[in-house]
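Asker:
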Amino acid sequence: MTAPQITPGTPPDGPILSVRNLHLAIAGRRRRTPILRNVSLDIAPGEVHGLVGESGAGKTMIGKVILGIQPSRAVVTGGSVRFGGRDITHLPERERRRLMGRGLGLIPQDPMTSLNPAGRIGGQIADVLRLHLGMDRAAARARALELLNDVHIREPERVLRRYPHELSGGMRQRVLIAIAFACRPKLIVADEPTTALDVTVQRQVLALIKEMQAQDGASILFVTHDLGVVAKTCDRVTVLHGGRVLEAGDTRAIVEAPQHDYTKALMAATPRHDRPGDLLQPVPEALTARLNEEALAYDAGPDTTSASHA
Amino acid sequence: MSWSFLLRRLLLAIPTLFGVAAIVFVLLRVVPGDPIAMLIGPGATDADIAELRRLYGLDESIALQFVYYLQDLAGGNFGTSISMRQDVMELVLGRLPVTIELCLVAMSVAIALGGAMALAGAYWRGRAGEAAVDGAAGFVLAIPDFLWALLFVLFVVVFALDGLPISGRIGHDVGFRGATGFLLIESLVRLRFDAFGSVLLHTVLPAFALALPLAAIIARVLKASIAEAMTQDYVLMARVKGFSRARIVCREALRNALVPTVTLTGVQFTFLVGGTVLVEKIFSYPGIGNMAIDAVINRDLPLIQGLVLTFAVLFIAVNLLVDMSYALLNPRMRHG
Chain A
-13 MTAPQITPGT PPDGPILSVR NLHLAIAGRR RRTPILRNVS LDIAPGEVHG
37 LVGESGAGKT MIGKVILGIQ PSRAVVTGGS VRFGGRDITH LPERERRRLM
87 GRGLGLIPQD PMTSLNPAGR IGGQIADVLR LHLGMDRAAA RARALELLND
137 VHIREPERVL RRYPHELSGG MRQRVLIAIA FACRPKLIVA DEPTTALDVT
187 VQRQVLALIK EMQAQDGASI LFVTHDLGVV AKTCDRVTVL HGGRVLEAGD
237 TRAIVEAPQH DYTKALMAAT PRHDRPGDLL QPVPEALTAR LNEEALAYDA
287 GPDTTSASHA
Chain B
34 MSWSFLLRRL LLAIPTLFGV AAIVFVLLRV VPGDPIAMLI GPGATDADIA
84 ELRRLYGLDE SIALQFVYYL QDLAGGNFGT SISMRQDVME LVLGRLPVTI
134 ELCLVAMSVA IALGGAMALA GAYWRGRAGE AAVDGAAGFV LAIPDFLWAL
184 LFVLFVVVFA LDGLPISGRI GHDVGFRGAT GFLLIESLVR LRFDAFGSVL
234 LHTVLPAFAL ALPLAAIIAR VLKASIAEAM TQDYVLMARV KGFSRARIVC
284 REALRNALVP TVTLTGVQFT FLVGGTVLVE KIFSYPGIGN MAIDAVINRD
334 LPLIQGLVLT FAVLFIAVNL LVDMSYALLN PRMRHG
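Chains as they are written, first to last, in our numbering: chain A, -13 to 296; chain B, 34 to 369.
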C-alpha cells in the first residue's frame, strides 16, 4: 500500500488544543497494552473536529486524556496534550479542576446515566455556575433557566425542579449540553453524544450542538463512529484505527476523496443520503487484519516497521 | 409515600402485636417458675398461696386467663405488676422515655461514627486509610454490644476514670427531677445545662456500647455503596465539572449510597433496641431493658407481658421509620 500522508496541519491562529505524538498504554499485571500510538491532532478555536473510528480505536480514550479522566491504569507513555499553549498532560488534580468548566467541558455518551439520579436538574446546572463563575444561588438559578431555554426545553421553570428520571433521554442530553456550555468552555469533548438516543432525537440533538457551538464559538472534539455525522457536523476530521491516526484533514476533502483504504472502507460502511440506493459494505476483514498487524509492528519498534513496510 | 401506606402498616401491626401477646402469654405459663412463690415469704400457708393465685387469676386455665387478659388489654389495662404491685402501664411508661432517649443517642452515635468511617474509607479508597477503616470495622464488629459494655466498665474501673459514670442516669448531686422521663430533652428545653451534661455523661458509655456494632455495619455497607456509586457516569461527570474528590464523595456519591445502606442496615436498628436489655442492666441504667431483666428474675408475668409488648411496638415503630426514610431518600419513590 502507499502510505497516506498524515499531516495534522497547524490551524492559522494557533490551536486551542494540540495533541502531539501521544502514546498511552493500559498497565497490566505483567506488561503494558498500547492503546494510543503516536496520536497527533490540532483543534483551532471555534473548530469542530471529528474523531472517527470503530469501537476500540481509542477515540474515547483520547477525549478522556484531554479531560484528565482516563482510568488510573491508563498511563501516558509519551507525547503531550497542550491546551491553550499550556502542557496539561500530567496536570496535578487541583490545577486540573480549575481548568474544568471555563476551559474544558464534556457532552457524555449516555445521558441516561450521566445525571445524578438523586439531584434536581436545576441544582446540577447551577452547581457548575456557582463553582466556576462564583454566582450566588439566585443568579445561578436565573442563568440555569436561560440555559434550559437555549437548549430548547419547554417549561424550563418546571424542568429545573425535576429529577433526571422524570425526563426523556433526549431531554436529559439537552440538559447535559446546557451543563457543557454553562461556563462557556473553550473546548468541549462530545463523546458519541447521539449514540444512545433514538434516531429521530439524534438529529435534533446534533442540530442543537451545532447551534450552541455556532452561538458560543467553542471548539468541539466530536468523537463518533459515524462518518455521516462527521460530514454534516465537522470542519476537520481525524480517522483513527487501533490507536493510530490513519488520515486527517478537512472533512470535505476526506469525505469526497478519502486517501486511506480504511477511510474508504468506513465511507462504504456509512449510509449516505446522496446515494440512498447503495448497499452498505462492512469494513473488510483483510483490511482490519492488516491494520492490526501494522499496529503490532509499530509497537515492536521503528526498525522492524521500516523493514517490513518499506 | 402516602397516607394509605401508613394506615396499611399500622393495621398490619395489630395482628403482629396480637401474635406477640399470645406467644409470650402462653410461653410464660408453660415454663417452670411460680410468680407467687417468688412473692411471698417461706412462712406462707397453702391457703395463702391459693388465695394469692386466685387474686392474680392464676388458678384459671391458660385459655381463660388469656381471654381475660385480652379483655383487660382492650380496656387499656395491662394488669398489675406482681413484684411491685403497681399498674404495669404506669411502670413501663415511666421507664420508656429513658430507653427511647438512650436508643436515640446510640443511633445518632452509630450513624455519625459509621458515616464518618464510611466516608473516610471511600475517600482514601485503595490506600492505607481504607485498610484502617476496614480493620477497625472488622474488630468492632467482632465484639457484641454487651461485651463492649463490660469492657467499658472494666476500663473505667481499672484506669479509675472517675469522670465517666458507669451506673445510673443522672448524678445524685444534680437536683433535677423532670416532669417527663425525657431528661435529656427536658433539661435542654428548661436550660438546665448542668442536668443535661450529667445525663449525657451517664449516657455516653451505654450508648457507645450499643452503637459500636451498628456503626461498624453502617461503615461497611455505606462504604461499599459509595464505592459502587463512585463508578457511575454521573461521578465522572462531576469530575469533569471540576468538583473535588471530597465533594464528589460527600455530595454526589453519598446521596445515592444512602438508599441501599438504609435497606441493608435498617433491620440492625431493631437489634440496637433489643441490645438495651443487657446493656442497661450492666450500667444500671433505669430503662425498660433493665426493668425487663428484673421482671424475668421475679417471674412478674404481667410486667414481662407488658414489656415484651412495648418492645414489639418499638420494633414495629423503628421498622416503619426505616421504611419511611426510603421514600425520603429516594426521589424515584417520592414521586413514583
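For each residue, glycine too, the CB sits at the ideal point set by N, CA and C.
(1) Use the C-beta contact count for Met220(B): other C-beta atoms within 10 angstroms, 16 or more gives buried, fewer gives exposed.
(2) Which class does Glu152(A) belong to by DSSP, given the choice of helix, strand or coil?
(3) Against chain A, does Leu297(B) count as a neighbour if the rule is that its beta carbon must be under 7 Å from one of theirs?
(4) Comparing C-alpha positions only, which one of Ala164(B), Asp333(B), Gly339(B) and Val273(B) sits nearest to Trp253(B)?
(5) In three-state terms, what does DSSP make of Asp356(B)?
(6) Looking at the unbroken beta strand (DSSP E) that takes in Ile250(B), where does it start and where does it end?
(7) How many Å lie between Val191(A) and Gly171(B) at the Cα?
(8) Determine whether the Cβ of Arg280(B) lies closer than 7 Å to any Cβ atom of chain A.
(9) Under a CB-based cut-off of 7 Å, is Val254(B) close to chain A?
(10) Between the alpha carbons of Trp157(B) and Ala13(A), how many angstroms are there, rounded?
(11) Counting Cβ pairs closer than 8 Å, one from the region 263 to 281 of chain B and one from the region 53 to 69 of chain A, do we hit at least three?
(12) Taking only three categories from DSSP, how would you classify Asp28(A)?
(13) For Arg238(A), which option in Leu22(A), Ala217(A), Arg59(A) and Thr19(A) has the closest C-alpha, if you only look at C-alpha atoms?
(14) Quick check on His118(A): does DSSP put it in helix, strand or coil?
(15) Considering only residues of the region 300 to 334 of chain B, which uninterrupted alpha helix (DSSP H) runs meet the minimum length of 4 residues and lie entirely inside it, listed in chain order?
(16) If Gly108(B) and Tyr101(B) are in contact, beta carbons under 8 Å, what's the gap, nearest whole angstrom?
(17) At least one CB of chain A closer than 7 Å to the CB of Gly275(B): is that the case?
(18) Measure the beta-carbon distance from Ala168(A) to Leu207(A) and round it to whole angstroms, keeping in mind my assumption that it falls under 8 Å.
(19) Sorted by chain position, which residues of the same chain lie with C-beta nearer than 6 Å to Arg6(A)'s C-beta, five sequence neighbours on each side aside?
(20) If you measure from the beta carbon of Ser358(B) to each beta carbon in chain A, is any gap under 7 Å?
(21) Helix or strand or just coil, what does DSSP make of Gly228(A)?
(22) So which residues of chain A does Tyr267(B) contact, with C-beta pairs closer than 7 Å?
(23) Using the Cα positions of Leu265(A) and Gly214(A), report the straight-line distance between them to the nearest angstrom.
(24) Taking the alpha carbon of Leu50(B) as the point to measure from, which residue in Gly339(B), Asp356(B), Cys283(B) and Ala360(B) has its own alpha carbon closest?
(25) When burial is assigned at 16 or more other CB atoms within 10 Å of the CB, is Asn135(A) buried or exposed?
(26) Who are the near neighbours of Phe188(B) in its chain, counting only those whose CB is closer than 8 Å to its CB and skipping five residues on each side?
(27) What ranges does the alpha helix (DSSP H) occupy inside the region 86 to 149 of chain A, keeping only unbroken runs of at least 4 residues that lie completely in it?
(28) Do Asn289(B) and Ala104(A) count as a contact pair if the criterion is CB distance below 7 Å?
(29) Quick one: does Arg223(B) have its CB under 7 Å from some CB of chain A?
(30) Beta-carbon within less than 7 Å of Gly108(A)'s beta-carbon, same chain only, minus the 5 sequence neighbours each way: which residues are those?
(31) How is Met(-13)(A) classed by DSSP in three states: helix, strand or coil?
(32) Using a cut-off of 8 Å between C-beta atoms, extract the partners of Leu117(A) located in chain B.
(33) Starting from Val64(B), trace the alpha helix (DSSP H) both ways and give me its first and last residue.
(34) Which first and last residues belong to the alpha helix (DSSP H) in which Ile95(B) is found?
(35) For the pair the region 54 to 68 of chain B and the region 323 to 342 of chain B, tell me if three or more CB-CB distances fall below 8 Å.
(36) What's the C-alpha gap between Arg230(A) and Tyr284(A)?
Answerer: The structure says:
(1) Residue mapping note: residue 220(B) aligns to position 187 of the second sequence, counting from 1. The sequence given here has Ser at residue 220(B), not Met. With 16 or more Cβ atoms within 10 Å of its Cβ, Ser220(B) is classed as buried.
(2) Translated into the one-based positions of the first sequence, residue 152(A) becomes position 166. Glu152(A): helix per DSSP, three-state reduction.
(3) The residue you call residue 297(B) lines up with position 264 of the second sequence. At a cut-off of 7 Å between beta carbons, Leu297(B) makes no contact with chain A.
(4) For this step, residue 253(B) is matched to residue 220 along the second sequence. Trp is not the amino acid found at residue 253(B); the sequence shown has Arg there. If we check each option's Cα against that of Arg253(B), Ala164(B) comes out closest.
(5) Looking up residue 356(B) in the second sequence gives position 323. Correct three-state label for Asp356(B): helix.
(6) Residue numbering aside, residue 250(B) sits at position 217 when the second sequence is read from its first letter. Careful: Ile250(B) lies outside any beta strand (DSSP E), inside the alpha helix (DSSP H) at Phe226 to Met263.
(7) Here the question's residue 191(A) lines up with position 205 in the first sequence. Here the question's residue 171(B) lines up with position 138 in the second sequence. Roughly 50 Å between the two C-alpha positions.
(8) Position 247 of the second sequence, counted from the start, is the residue given in the question as residue 280(B). No, Arg280(B) does not count as interfacial toward chain A.
(9) Taking the first residue of the second sequence as position 1, residue 254(B) is located at position 221. It does not; no Cβ of chain A falls within 7 Å.
(10) Within the second sequence, residue 157(B) is the residue found at index 124, counting from 1. Within the first sequence, residue 13(A) is the residue found at index 27, counting from 1. Just so you know, the alpha carbons of Trp157(B) and Ala13(A) end up roughly 21 Å apart.
(11) Verdict: yes, contact present.
(12) As a first step, residue 28(A) is located in the first sequence; it is residue number 42 there, counting from the start. If DSSP states are grouped into helix, strand and coil, Asp28(A) belongs with the strands.
(13) For the purposes of this step, residue 238(A) is identified with residue 252 of the first sequence, where counting begins at 1. If we check each option's Cα against that of Arg238(A), Ala217(A) comes out closest.
(14) Start at 1 with the first residue of the first sequence, and residue 118(A) comes out as number 132. In the three-state scheme derived from DSSP, where H, G and I count as helix and E and B as strand, His118(A) is classed as helix.
(15) Here the runs fully enclosed are 321 to 330.
(16) The sequence position of residue 108(B) within the second sequence is 75, counting from 1. The sequence position of residue 101(B) within the second sequence is 68, counting from 1. The distance from the Cβ of Gly108(B) to that of Tyr101(B) is about 11 Å, inconsistent with a contact at the 8 Å cut-off.
(17) Position 242 of the second sequence, counted from the first residue, corresponds to residue 275(B). Yes, its Cβ sits closer than 7 Å to a Cβ of chain A.
(18) In the first sequence, counting from the first residue as 1, residue 168(A) sits at position 182. In the first sequence, counting from the first residue as 1, residue 207(A) sits at position 221. Ala168(A) to Leu207(A), Cβ: 18 Å. No contact.
(19) As a first step, residue 6(A) is located in the first sequence; it is residue number 20 there, counting from the start. Taking C-beta separations shorter than 6 Å and ignoring five residues to either side along the sequence, the partners of Arg6(A) in its chain run Ser26, Gly65 and Ser66, following chain order.
(20) As a working mapping, residue 358(B) is identified with position 325 in the second sequence. Ser358(B) has a beta carbon lying at 7 Å or more from every beta carbon in chain A.
(21) Residue 228(A) sits at position 242 when you count from the first residue of the first sequence. In this structure, Gly228(A) counts as coil in the three-state DSSP scheme.
(22) On the second sequence, residue 267(B) is found 234 positions in, with the first residue counted as 1. Neighbours of Tyr267(B) across chain A, judged by C-beta separation under 7 Å: Thr99, Ser100, Leu101 and Asn102.
(23) By 1-based counting over the first sequence, the position of residue 265(A) is 279. By 1-based counting over the first sequence, the position of residue 214(A) is 228. Going by the C-alpha atoms only, they are around 15 Å apart.
(24) Numbered from its first residue, the second sequence carries residue 50(B) at position 17. Put simply, of Gly339(B), Asp356(B), Cys283(B) and Ala360(B) the residue whose alpha carbon is nearest the alpha carbon of Leu50(B) is Gly339(B).
(25) For the purposes of this step, residue 135(A) is taken as the residue at position 149 of the first sequence. With fewer than 16 neighbouring CB atoms inside 10 Å of its own CB, Asn135(A) falls in the exposed class.
(26) Position 155 of the second sequence, counting from 1, holds the residue named residue 188(B). So the qualifying residues of the chain are Leu194.
(27) For secondary structure counted as the alpha helix (DSSP H) over 4 or more consecutive residues, the region 86 to 149 of chain A holds these complete runs in sequence order: 97 to 100, 107 to 119, 123 to 136 and 142 to 146.
(28) If you number the first sequence from 1, residue 104(A) lands on position 118. If you number the second sequence from 1, residue 289(B) lands on position 256. Cβ atoms of Ala104(A) and Asn289(B): closer than 7 Å.
(29) Your numbering for residue 223(B) matches position 190 in the second sequence. Chain A contact via Cβ: absent.
(30) The count along the first sequence starts at 1 and reaches residue 108(A) at position 122. The beta carbon of Gly108(A) lies closer than 7 Å to those of Arg127, Ala130, Leu146 and Arg147 in the same chain, with the five residues before and after it left out.
(31) On the first sequence, residue -13(A) is found 1 positions in, with the first residue counted as 1. Reliability fails at Met(-13)(A), whose pLDDT of 42 lies under 50, so the model's placement of it is uncertain and the value that follows must be treated cautiously. Note: Met(-13)(A) maps to coil in three-state DSSP.
(32) What you label residue 117(A) is simply residue 131 of the first sequence in a count that begins at 1. From the beta-carbon of Leu117(A), the residues of chain B found nearer than 8 Å are Lys274, Gly275 and Phe276.
(33) Walking along the second sequence from the start, residue 64(B) turns up at place 31. Segment: none, Val64(B) is in no alpha helix (DSSP H) and carries neither H nor E.
(34) Reading the second sequence from its first residue, position 62 is the one you call residue 95(B). Element bounds for Ile95(B): Ile95 to Ala107.
(35) The region 54 to 68 of chain B vs the region 323 to 342 of chain B: in contact.
(36) For the purposes of this step, residue 230(A) is identified with residue 244 of the first sequence, where counting begins at 1. For the purposes of this step, residue 284(A) is identified with residue 298 of the first sequence, where counting begins at 1. Arg230(A) and Tyr284(A) have their C-alpha atoms spaced approximately 10 Å apart.
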